[in-house]
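**Student:**
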């Protein structure tokens, strides 16, 4: 206050200079007094005046009234994850199925290159595109099949889980092996007869491997996992299994009858 009094005496004849110097000083003095009052109240009642303590330490502009926590922004990972596995679950299952089938075929082609010793050979992009389309076509089928099984056989009782595994192995698995070989063969330009001969040669090999891989995999799927993560989990395992499928599909040693029928058509 003494500083303000002295400034008034020095600039008594210059009102504009007095206003220019005193206005910010008076404003800061008022704000400081308010903060000191808030701090004094926070000391006497610390638990009920956290908002006032925030005012003292950070300023009035940064203080906020108590209320529910703010919602995550629309672009946050948590909100996006909920949408992908909620409203857009079908799209997520379809795209992930295609991408993981593609990755499985890339690894299978790399294994074939290493086996043949052709390090300079490039990827067969047409074959890769065909395998990706096959994966995309299987995504919706997996999606609706698992929805149907969870509605028809709800719960995680051991008997229910074993029933689902039985349906998967005796009904769904043969259908998917057949559709996989037919769709992949037709996309590669083979005739229906050639695809049928290939199924005759390779179905038993794939089905035996199917029994070794999928029953324990599906037990984990049906017993522990939430229904909305079933297809993603299966697609992850399928990526590894697709390496075997793509290798069997394009292995010349297992295509003897296929090659003969193909040459016969020519």
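In the working numbering, the protein residues as written are 97 to 362.
Glycine included, every Cβ here is placed at the ideal spot set by N, Cα and C.
Note that the structure is predicted; figures quoted are calculated from it, not measured.
#1: Going by other Cβ atoms of all chains shown within 10 Å of its Cβ, with 16 needed for buried, is residue 308 buried or exposed?
#2: Spatial neighbours of residue 272 within its chain, please: C-beta separation below 8 Å, excluding the five flanking residues on both sides.
#3: Tell me the DSSP secondary structure of residue 240 in three-state form.
#4: If you drop the 5 nearest sequence neighbours on each side, which residues of the same chain put their C-beta closer than 7 Å to that of residue 257?
#5: Along the alpha helix (DSSP H) that carries residue 272, what are the first and last residues, could you check?
#6: If you reduce the DSSP assignment to three classes, tell me which class residue 367 lands in.
#7: With a cut-off of 8 Å, do at least 3 Cβ pairs link the segment 319-328 to the segment 285-301?
#8: Looking at C-alpha atoms only, which residue of 282, 250, 208 and 201 is the closest neighbour of residue 221?
#9: In whole angstroms, what separates the C-alpha of residue 205 from that of residue 252?
#10: Within a Cβ cutoff of 8 Å, which residues of the same chain sit near residue 194, ignoring the five residues on either side of it in sequence?
#11: With distances taken Cα to Cα, identify the nearest neighbour of residue 341 among 327, 311 and 294.
#12: Just the C-alpha distance for residue 354 and residue 254, rounded to the nearest angstrom, thanks.
#13: Just mark residue 280 as buried or exposed, buried being the case when its beta carbon has 16 or more other beta carbons within 10 Å.
#14: Would you mind giving the Cβ-Cβ distance between residue 269 and residue 310, rounded to the nearest angstrom? I have them listed as a contact below 8 Å.
#15: Please go through the same chain and pick out, in chain order, the residues whose beta-carbon is closer than 7 Å to the beta-carbon of residue 337, but skip the five residues on each side of it.
#16: If we ignore side chains and look at the alpha-carbon of each, how far apart do residue 189 and residue 278 end up?
#17: Comparing C-alpha positions only, which one of 172, 175 and 191 sits nearest to residue 331?
#18: Cβ atoms of residue 339 and residue 203: under 7 Å apart, would you say?
#19: Please report the straight-line C-alpha distance between residue 259 and residue 217, rounded to a whole angstrom.
#20: Identify the continuous alpha helix (DSSP H) that holds residue 294 and give its terminal residues.
#21: Is the beta carbon of residue 175 sitting closer than 7 Å to the one on residue 242?
#22: Using only CA atoms, which one of 183, 335, 303 and 210 lies nearest to residue 83?
#23: Between which residues of its own chain and residue 180 is the CB-CB distance below 7 Å, once the five residues before and five after are set aside?
#24: In terms of residue numbering, what span does the alpha helix (DSSP H) encompassing residue 219 cover?
#25: What's the call for residue 335, buried or exposed, on a 16-neighbour Cβ count within 10 Å?
#26: If you run the structure through DSSP and keep just helix, strand and coil, what is residue 181?
#27: Out of 207, 183 and 306, which one is the CA nearest neighbour of residue 264?
**Tutor:** According to the data block:
#1: Position 212 of the chain shown, counting from 1, holds the residue named residue 308. Exposed: under 16 other Cβ atoms inside 10 Å.
#2: Position 176 of the chain shown, counted from the start, is the residue given in the question as residue 272. Closer than 8 Å at Cβ, skipping near neighbours: 234 and 237.
#3: Locating residue 240 in the chain shown gives position 144, counting from the first residue. DSSP places residue 240 in helix when its eight states are reduced to three.
#4: Within the chain shown, the letter at position 161 stands for residue 257. Answer for residue 257: 315, 318 and 319, listed in chain order.
#5: Looking up residue 272 in the chain shown gives position 176. Run containing residue 272: 269-283, per the alpha helix (DSSP H) assignment.
#6: Here the chain comprises residues numbered 97 to 362, so residue 367 is not present and cannot be evaluated.
#7: no
#8: For the purposes of this step, residue 221 is taken as the residue at position 125 of the chain shown. For the residues 282, 250, 208 and 201, the minimum Cα distance to residue 221 belongs to 201.
#9: Position 109 of the chain shown, counted from the start, is the residue given in the question as residue 205. Position 156 of the chain shown, counted from the start, is the residue given in the question as residue 252. Going by the C-alpha atoms only, they are around 39 Å apart.
#10: Looking up residue 194 in the chain shown gives position 98. These residues qualify, in order along the chain: 228, 229, 231, 232 and 235.
#11: As a working note, residue 341 is residue 245 in the chain shown. Nearest option by C-alpha distance: 294.
#12: Along the chain shown, one-based indexing puts residue 354 at 258. Along the chain shown, one-based indexing puts residue 254 at 158. Caution is warranted here: a pLDDT of 37 is assigned to residue 354, below 50, making its placement in the model unreliable, and no coordinate value can be reported.
#13: Indexing the chain shown from 1 puts residue 280 at position 184. The residue is buried, with at least 16 neighbouring Cβ atoms inside 10 Å.
#14: As a first step, residue 269 is located in the chain shown; it is residue number 173 there, counting from the start. As a first step, residue 310 is located in the chain shown; it is residue number 214 there, counting from the start. Rounded, the Cβ-Cβ distance is 7 Å, consistent with contact.
#15: As a working note, residue 337 is residue 241 in the chain shown. Taken in chain order, the residues that qualify are 309.
#16: Walking along the chain shown from the start, residue 189 turns up at place 93. Walking along the chain shown from the start, residue 278 turns up at place 182. One C-alpha to the other measures close to 22 Å.
#17: Looking up residue 331 in the chain shown gives position 235. With distances taken between Cα atoms, residue 331 lies closest to 191.
#18: If you number the chain shown from 1, residue 203 lands on position 107. If you number the chain shown from 1, residue 339 lands on position 243. Result yes, Cβ atoms of residue 203 and residue 339 sit closer than 7 Å.
#19: Numbered from its first residue, the chain shown carries residue 259 at position 163. Numbered from its first residue, the chain shown carries residue 217 at position 121. Spanning the two alpha carbons is a distance of roughly 46 Å.
#20: In the chain shown, residue 294 corresponds to position 198, counting from 1. Run containing residue 294: 288-320, per the alpha helix (DSSP H) assignment.
#21: Against the chain shown, residue 175 aligns to sequence position 79. Against the chain shown, residue 242 aligns to sequence position 146. No, the Cβ-Cβ distance between residue 175 and residue 242 is not below 7 Å.
#22: What the structure shows of the chain is the stretch from 97 to 362, and residue 83 is not part of that stretch, so it cannot be assessed.
#23: Position 84 of the chain shown, counting from 1, holds the residue named residue 180. For residue 180, where only same-chain residues beyond five positions count, the Cβ hits under 7 Å are 188.
#24: In the chain shown, residue 219 corresponds to position 123, counting from 1. From DSSP, residue 219 is part of no alpha helix (DSSP H); its letter is neither H nor E.
#25: Numbered from its first residue, the chain shown carries residue 335 at position 239. By the 10 Å Cβ count, residue 335 comes out buried.
#26: Within the chain shown, residue 181 is the residue found at index 85, counting from 1. Here residue 181 sits in coil by DSSP.
#27: Locating residue 264 in the chain shown gives position 168, where the first residue counts as 1. The candidate whose alpha carbon is nearest that of residue 264 is 306.
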